[in-house]
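Engineer: Take the sequence shown: its letter number 77 is residue 77 in the UniProt record's numbering, and every next letter is one higher. Dumping the structure here so I can ask a few things about it.
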Amino acid sequence: MQGIKMKFILGGNSMGMKIIESRHLLISFVLAFLVSCSCDKSPTCDGNHYDPRNVSRNEGLSYGASLAVDDKGNIHLVWADSTPGNYEILYSTKSSGGDWFDPVNISNTDIESTCPEITVDPSGNLHVVWGEGGFYTSETLGVYYSMKPYGENWTIPMEIANRGEMPDIGIDASGNVHVTWLGWVSYRMKSAEGIWMPKEDVFPFGINHDHAVNNQGDVHVVCDGPGANGGGENISYTMKPFGGSWAEPENISESLSRSWAPTIAADDGNVYAAWKEVRPGVDQIFFRICSSDGSWSEIDSLPDIVGDATGPEPAITAENGNLHFLWGAAIDGWDIYYKVRNRDGSWSESFNISNTGEAGPAIVVVDTYGNLHVAWSDESPGNYDIFYTVISTR
1 MQGIKMKFIL
11 GGNSMGMKII
21 ESRHLLISFV
31 LAFLVSCSCD
41 KSPTCDGNHY
51 DPRNVSRNEG
61 LSYGASLAVD
71 DKGNIHLVWA
81 DSTPGNYEIL
91 YSTKSSGGDW
101 FDPVNISNTD
111 IESTCPEITV
121 DPSGNLHVVW
131 GEGGFYTSET
141 LGVYYSMKPY
151 GENWTIPMEI
161 ANRGEMPDIG
171 IDASGNVHVT
181 WLGWVSYRMK
191 SAEGIWMPKE
201 DVFPFGINHD
211 HAVNNQGDVH
221 VVCDGPGANG
231 GGENISYTMK
241 PFGGSWAEPE
251 NISESLSRSW
261 APTIAADDGN
271 VYAAWKEVRP
281 GVDQIFFRIC
291 SSDGSWSEID
301 SLPDIVGDAT
311 GPEPAITAEN
321 GNLHFLWGAA
331 IDGWDIYYKV
341 RNRDGSWSES
351 FNISNTGEAG
361 PAIVVVDTYG
371 NLHVAWSDES
381 PGNYDIFYTV
391 ISTR
């Protein structure tokens with residue numbers, strides 16, 4: 001079986017692009033740069049020349065991006081931004097071939113709003129969660145939720161947990177909304193009919209966590225925390241079948257080294273978990289695959305990665321058995337690198353997809369056509385802005 005073909009489109013339109021195609025070790029580079037990029041987007045279109053991938057383009061600090069793509073190919077992006085005066089959650093959208101709309105403030109509170117996550121349901125309705133307070137104020141941490149019905153405005157934010165932080169959100173094929181958050185790891189579901197179920201406790205610990213939801217509504221959760229082998233941090237995993245109970249947690253990292261920053265993804269049949277591990281002299285990225293019968297593969301690591309994995313936490317997504325990795329590494333400054341494990345077990349080369357030397361953590365999602373949509377915070381403009389790009393795998 002041939003490896004997946006990759007095409008990197010750096011930028012959301014024709015204002016400049018860099019294309020890289022690869023099939024295993026056969027690589028061709030096609031570079032097309034315009035002399036300058038037009039400043040065609042609000043809110044700070046004052047004659048400055050921007051990297052065409054820059055979405056936020058403001059004087060505040062923009063970070064913590066999350067994105068979703070609907071069935072029509074529209075891209076929906078949220079992030080935390082200090083431009084309004086205190087950190088608020090901003091939202092912007094674009095069509096697959098269009099420009100970004102002006103950002104909309106969807107939190108509108110007097111305290112700090114941080115760590116947003118967004119998803120889209122099969123009907124095109126948008127759902128966002130975020131944390132309120134705690135990071136830069138003495139206010140109690142809480143988790144808030146808002147939705148945007150298709151073609152309508154954002155609803156008034158509602159509190160779904162009076163204590164919690166760093167929420168995550170997912171959707172199943174029936175339109176049920178699944179939310180997890182830290183403090184410790186907890187879970188709530190909103191049915192497709194709009195009814196919120198009671199909070200459930202998942203893990204009695206957790207420093208970082210992530211969850212994935214498959215089409216059937218099964219929820220898979222990973223987190224780092226105290227391990228069973230000497231007290232060091234390990235990666236714990238559990239799952240809840242739709243309508244069922246949480247399974248007994250299991251240690252999937254099985255290491256005496258510190259394992260942390262887990263991430264998880266699911267496609268039709270498989271679950272994929274990855275994490276960072278501190279080894280003498282270098283950080284590495286490890287992963288495992290859980291098949292439909294519930295059995296985990298042997299622990300494996302990314303081969304021949306550029307630099308080491310001391311940068312921002314890894315991100316993964318999966319489609320049709322192909323597992324896509326993003327991670328941060330410092331070569332000539334901090335950059336985001338990409339590598340794919342093809343369904344036949346072969347690997348692509350590693351590619352630098354940020355090329356700024358000042359990139360922060362990235363997020364990646366896959367659309368129905370197999371395109372990868374990537375967003376990250378980047379300090380190259382002088383303050384942190386949100387960057388976005390597309391990787392075509394067809």
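C-beta atoms are modelled at their ideal positions from N, C-alpha and C, and glycine is treated no differently. It should be emphasised that the depicted structure is a prediction, and the values quoted were computed from it without experimental measurement.
#1: Can you check which of these residues, 118, 103, 131, is closest to residue 112 by C-alpha distance?
#2: On the DSSP letters alone, give me the boundaries of the beta strand (DSSP E) that residue 189 sits inside.
#3: What residue from 217, 226, 337, 224 has the CA that sits closest to residue 242's CA?
#4: Shortest alpha-carbon distance to residue 282 belongs to which of 299, 259, 364?
#5: Let me check you understand the geometry: is the CB of residue 352 closer than 8 Å to at least one non-hydrogen atom of the ligand COA?
#6: With a threshold of 16 other CB atoms inside 10 Å of the CB of residue 368, please say whether the residue is buried or exposed.
#7: Could you pull out every unbroken beta strand (DSSP E) segment of at least 3 residues lying fully inside the stretch 257-340, listed in chain order?
#8: Can you tell me whether residue 256 is buried or exposed? The criterion is at least 16 other CB atoms within 10 Å of its CB, across all chains shown.
#9: Out of 115, 86, 123, 213, point me to the one whose CA is closest to residue 72's CA.
#10: What is the DSSP secondary structure of residue 197, reduced to helix, strand or coil?
#11: Please identify the residue among 371, 388, 381 whose C-alpha is closest to the C-alpha of residue 362.
#12: Please report how far the alpha carbon of residue 269 lies from the alpha carbon of residue 382, in whole angstroms.
#13: Once you ignore the five residues that flank residue 366 on each side, which residues in its own chain have a CB closer than 6 Å to its CB?
#14: For residue 117, which residues in the same chain have their Cβ closer than 8 Å to its Cβ, ignoring the five residues on either side in sequence?
#15: Using the three-state DSSP reduction, which class does residue 1 fall into: helix, strand or coil?
#16: So what does residue 202 bridge to, in DSSP terms?
#17: Taking the Cβ atom as the reference point for each residue, do residue 121 and residue 69 lie within a distance shorter than 9 Å?
#18: Taking the alpha-carbon of residue 165 as reference, which of 262, 144, 376 has the nearest alpha-carbon?
#19: Identify the residues that DSSP records as bridge partners of residue 144: which are they?
#20: Can you check whether the CB of residue 214 is closer than 9 Å to the CB of residue 271?
#21: Candidates 248, 274, 312: which alpha carbon is nearest residue 298's?
#22: Residue 59 to residue 384, Cα distance in whole Å?
#23: Kindly indicate which three-state DSSP category residue 94 falls into: helix, strand or coil?
#24: Name the two residues that bound the continuous beta strand (DSSP E) containing residue 64.
#25: What residue range is occupied by the uninterrupted beta strand (DSSP E) comprising residue 119?
#26: Can you grab the Cα-Cα spacing for the pair residue 212 / residue 205, in whole Å?
#27: State the Cα-Cα distance for the pair residue 398 and residue 244, rounded to the nearest angstrom.
#28: Report yes if the C-beta distance between residue 397 and residue 345 is below 9 Å; otherwise report no.
#29: Look up residue 350 in the DSSP assignment and say whether it is helix, strand or coil.
#30: Assuming residue 340 and residue 326 form a contact by the criterion Cβ under 8 Å, report the distance between their Cβ atoms to the nearest whole angstrom.
#31: On a Cα-Cα basis, can you pick out the residue from 249, 252, 219 that is closest to residue 266?
#32: In angstroms, rounded to a whole number, what distance separates the CA positions of residue 392 and residue 61?
#33: What's the call for residue 36, buried or exposed, on a 16-neighbour Cβ count within 10 Å?
#34: Look at residue 289 and residue 302 and say whether their C-beta atoms are less than 9 Å apart.
Structural biologist: According to the data block:
#1: 131
#2: 185-190
#3: 217
#4: 259
#5: Here there are no bound small molecules, and the ligand COA is not part of this structure.
#6: exposed
#7: 258-266, 271-279, 282-290, 315-319, 322-330
#8: exposed
#9: 123
#10: coil
#11: 388
#12: 44 Å
#13: 317, 319, 372
#14: 66, 78, 128, 129, 130, 167, 168, 169
#15: In this predicted model, residue 1 has a pLDDT of only 38, less than 50, meaning its place in the structure is not dependable; the value taken from the coordinates is given anyway. In this structure, residue 1 counts as coil in the three-state DSSP scheme.
#16: Paired residue(s): none; residue 202 is not in a bridge.
#17: no
#18: 144
#19: 130, 159
#20: yes
#21: 274
#22: 9 Å
#23: strand
#24: 62-69
#25: 113-120
#26: 19 Å
#27: Residue 398 lies beyond the range of the chain shown here (1 to 394); nothing can be said about it.
#28: Residue 397 is absent from the model: the chain starts at 1 and stops at 394.
#29: coil
#30: That belief does not hold up - the Cβ atoms of residue 340 and residue 326 are roughly 10 Å apart, past 8 Å.
#31: 219
#32: 29 Å
#33: Below a pLDDT of 50, predicted positions are generally treated as unreliable, and residue 36, at 26, falls in that range; no measurement from the model is reported.
#34: no
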